[in-house]
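Going by my numbering, 362 is the number at position 94 of the sequence shown; the sequence numbering is gapless.
All residues carry an ideal CB built from backbone N, CA and C; glycine is no exception.
Model, not experiment: these values are computed from the prediction.
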Amino acid sequence: MPTAEPAGTALFLKRWLRRPLTMGAVVPSGRLLAEALARTAVSEIEGRDGHVIELGAGTGEVTKAMLATGIPAERMALVERDPELAAFLRRHFDGPAIIEGDAARLARLLQMHEVDKVAAVVSGLPLLSLPAEVVTGIVHGVFEALPRGAALVQFTYGPAPPVPKALRESLHLVGAHGRRIWRNVPPAVVWTFRRPQ
Ligand SMILES: C[S@@+](CC[C@H](N)C(=O)[O-])C[C@H]1O[C@@H](n2cnc3c(N)ncnc32)[C@H](O)[C@@H]1O
Numbered sequence: 269m270p271t272a273e274p275a276g277t278a279l280f281l282k283r284w285l286r287r288p289l290t291m292g293a294v295v296p297s298g299r300l301l302a303e304a305l306a307r308t309a310v311s312e313i314e315g316r317d318g319h320v321i322e323l324g325a326g327t328g329e330v331t332k333a334m335l336a337t338g339i340p341a342e343r344m345a346l347v348e349r350d351p352e353l354a355a356f357l358r359r360h361f362d363g364p365a366i367i368e369g370d371a372a373r374l375a376r377l378l379q380m381h382e383v384d385k386v387a388a389v390v391s392g393l394p395l396l397s398l399p400a401e402v403v404t405g406i407v408h409g410v411f412e413a414l415p416r417g418a419a420l421v422q423f424t425y426g427p428a429p430p431v432p433k434a435l436r437e438s439l440h441l442v443g444a445h446g447r448r449i450w451r452n453v454p455p456a457v458v459w460t461f462r463r464p465q
């Protein structure tokens with residue numbers, strides 16, 4: 269079971285000092301944003317089989333919120349590239365599959381871990397601070413893994429959609445967003461992207 273651990277915030281900051289662009293934030297997601305992502309994930313997997321994949325799970329704030337909403341741990345797979353953060357996740361979560369690796373290689377990672385069906389992908393990746401070619405690789409990988417109609421759930425702090433227009437157009441993605449969470453610091457918006465059925 270997850271435990272609240274202040275050491276998680278210290279580790280997150282330490283990894284940010286080392287890799288600020290791939291971490292994208294100085295501290296883990298706030299509770300309100302984590303809960304909004306979890307609620308969106310729950311509504312997205314209704315009536316669907318398969319795993320919920322969390323990309324860039326960090327210290328597991330969104331993971332904890334998803335478990336608290338009732339998503340079964342054995343339906344969850346966490347992908348985290350940073351070895352120290354992946355080790356932290358292994359120490360704190362004993363139910364979800366913890367996959368250490370690069371989200372850009374999602375299809376291969378899922379195959380290696382025998383995850384054959386995906387219900388939704390929830391991303392904590394800082395898409396807007398990653399290089400364009402990396403974002404392209406990750407988003408293509410996500411939609412290779414997702415069946416038509418199933419969603420990529422992605423938050424952003426800015427006013428623009430977190431998946432760039434050219435990518436949305438080339439993959440024929442339809443985006444929708446919830447209300448801005450003003451009480452999150454900084455205020456955030458949860459988006460969903462999907463390829464229509
Ligand atoms: C903004 S943090 C979010 C952490 C956590 N989901 C949260 O909301 O607190 C981004 C996380 O994505 C991870 N990350 C960045 N690029 C990645 C990639 N290509 N594949 C997997 N994880 C990645 C970072 O190591 C970091 O843990």
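Positions of the alpha helix (DSSP H) runs, each at least 4 residues long and wholly inside the segment 368 to 392, are given as 374 to 380 in order along the chain. Excluding five sequence positions before and after I449, the CB atoms of its chain that fall closer than 8 Å to its own CB belong to L300, L301, A304, P455, A456, V457, V458, given in chain order. Contact between V389 and V410 holds: their C-beta atoms lie close to 5 Å from each other, under 8 Å. Contact check for H319 against A387 passes: the beta carbons are separated by less than 9 Å. Here H440 has R463, P464 as same chain residues with Cβ atoms under 8 Å from its own Cβ, once five neighbours each way along the sequence are excluded. Cβ contact annotation for P394 (same chain, cutoff 8 Å, sequence separation greater than five): L289, T290, M291, G292, A293, G324, in chain order. For H445, the enclosing beta strand (DSSP E) starts and ends at 442 to 445. Following the DSSP letters along the chain, one finds T460 inside the beta strand (DSSP E) bounded by residues 457 to 462. Below 8 Å, too few C-beta pairs join the segment 371 to 382 and the segment 336 to 343 to call them touching: fewer than three.
Going by DSSP, V421 is part of the beta strand (DSSP E) stretching over 419 to 424.
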